[in-house]
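**Q** Counting with our numbering, you get residues 364 to 646 for the letters of the sequence shown. Built from N, CA and C at the ideal position, the CB exists for glycine as well. Quick caveat: nothing in here was measured; it's all calculated off a predicted structure.
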Amino acid sequence: MTRFARTVAAVLLFLAGIFGLQLATSAGASAANVPIPGPGVVTVKTPKAPKTPKTPTAKPASSGTVSVNLDGITNKPSSSLTVIIAITLLSVAPALLLMMTSFTKIVVVLSLTRNALGLQGVPPNQVLAGLALFLSLFVMGPVLSQVNHDGIQPYLDGTKSQSQAFDDGGKPLREFMLNHTRQDELAMLSNVADRELPATREDVPLTTLIPAFVLSELKSAFIIGFVIFVPFLIIDIVVSAALMSMGMMMLPPVMISLPFKILLFVLVDGWALIITALVQSYA
364 MTRFARTVAA VLLFLAGIFG LQLATSAGAS AANVPIPGPG VVTVKTPKAP KTPKTPTAKP
424 ASSGTVSVNL DGITNKPSSS LTVIIAITLL SVAPALLLMM TSFTKIVVVL SLTRNALGLQ
484 GVPPNQVLAG LALFLSLFVM GPVLSQVNHD GIQPYLDGTK SQSQAFDDGG KPLREFMLNH
544 TRQDELAMLS NVADRELPAT REDVPLTTLI PAFVLSELKS AFIIGFVIFV PFLIIDIVVS
604 AALMSMGMMM LPPVMISLPF KILLFVLVDG WALIITALVQ SYA
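1) Output needed for Val472: all residues of its chain with C-beta closer than 7 Å, excluding positions within five of it in sequence on either side, in chain order.
2) Would you mind stating whether Pro561 and Val567 have Cβ atoms separated by less than 7 Å?
3) Count the other CB atoms, across all protein chains shown, that sit within 10 Å of the CB of Ser443; report buried if there are 16 or more and exposed otherwise.
4) Nearest CA to the CA of Met618: which residue from Pro457, Gly481, Val446?
5) For the candidate residues Val602, Val590, Gln546, whose alpha-carbon lies nearest to that of Val577?
6) Going by CA-CA distance only, name the one from Gly521, Ser644, Phe623 that's closest to Glu354.
7) Considering only their Cβ atoms, is the gap separating Leu536 from Arg564 smaller than 7 Å?
8) On a CA-only basis, which of Thr571, Met611, Leu627 is nearest Pro594? Give me that one, please.
9) Give the DSSP-derived three-state secondary structure of Tyr518 in the structure shown.
10) Is the segment 474–490 close to the segment 454–464, with three or more CB pairs under 8 Å?
11) So, for Leu552: in the same chain, excluding its five sequence neighbours on each side, which residues have a beta-carbon less than 7 Å away from its beta-carbon?
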């Protein structure tokens, strides 16, 4: 080992000894400063000052009773029930329209008029159905207004129960059907069902009244259709006889008679006459 290395090692050992001596001296001084309680010596800790309690917040006095306000719920029907009834009526509306209004009679008469003219697709079925629908609303307007006034609005306002609203609202429609139903149809359906004929017309059940009303409407529609067919049938006969006399047997009579029938229908204002007759039949 060289002399320089021995010198550096000696210096490092000297510094390490000094550092260890300082650590020992500081540890001893700390241990001397810590008081060691002897026998019979009691160490008393100073208690902390108590915290000031918070003042409780005063709560409003309660009577201990609970009240529930049900105004407007027990009298009027709920919105969900109203929606269900509306959807149900919309689902059965076509059947009610066909069986309990003037729609059946009007649409049958209009269809027979088109057939009497010899026109198979003019006017279209949609036009005839739309015209029959609005004519039915025109005829049934007073009846529907009375149904709304006597049954629907009192039920929605909560002044009538469901059964009372049904009975009061159905009376105008029932009277309309009774006024346009023949006694023969009522007797026939009562005999078919093996029931006794009701003492008065007001005692007829709806299960008998509705089909009897539809049969009466069909009978009236066919009678009107026959009256409409007669003048057009005469035109067809005259045209056919004229063609036969001229030896034009290969020419279809419809091609010649159709313009004359349309001309006659327009000259007499046929649509106005038919609609007037239909509306006045329910006067």
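**A** In this structure, then:
1) Your numbering for residue 472 matches position 109 in the sequence shown. So the qualifying residues of the chain are Ala584, Ile587, Gly588, Ile637, Leu641.
2) Within the sequence shown, numbered from 1, the residue matching residue 561 stands at position 198. Within the sequence shown, numbered from 1, the residue matching residue 567 stands at position 204. Yes.
3) Counted from its first residue, the sequence shown places residue 443 at position 80. Looking at its Cβ environment, which holds fewer than 16 other Cβ atoms inside 10 Å, Ser443 is exposed.
4) By one-based count along the sequence shown, residue 618 stands at place 255. Checking every option, the nearest Cα to that of Met618 belongs to Gly481.
5) The count along the sequence shown starts at 1 and reaches residue 577 at position 214. Comparing Cα-Cα distances from Val577 to each of Val602, Val590, Gln546, the minimum goes to Gln546.
6) For residue 354 there is no data in the structure shown, the boundaries of the chain being 364 and 646.
7) Walking along the sequence shown from the start, residue 564 turns up at place 201. Walking along the sequence shown from the start, residue 536 turns up at place 173. Not closer than 7 Å, so no.
8) Walking along the sequence shown from the start, residue 594 turns up at place 231. When each option's Cα is compared against that of Pro594, the closest is Leu627.
9) Counting from 1 along the sequence shown, the entry for residue 518 is found at position 155. Three-state DSSP puts Tyr518 in a helix.
10) These segments do not touch.
11) Position 189 of the sequence shown, counting from 1, holds the residue named residue 552. If we look at Leu552 and ignore the five residues flanking it on each side, its Cβ neighbours are Thr571, Pro574, Ala575.
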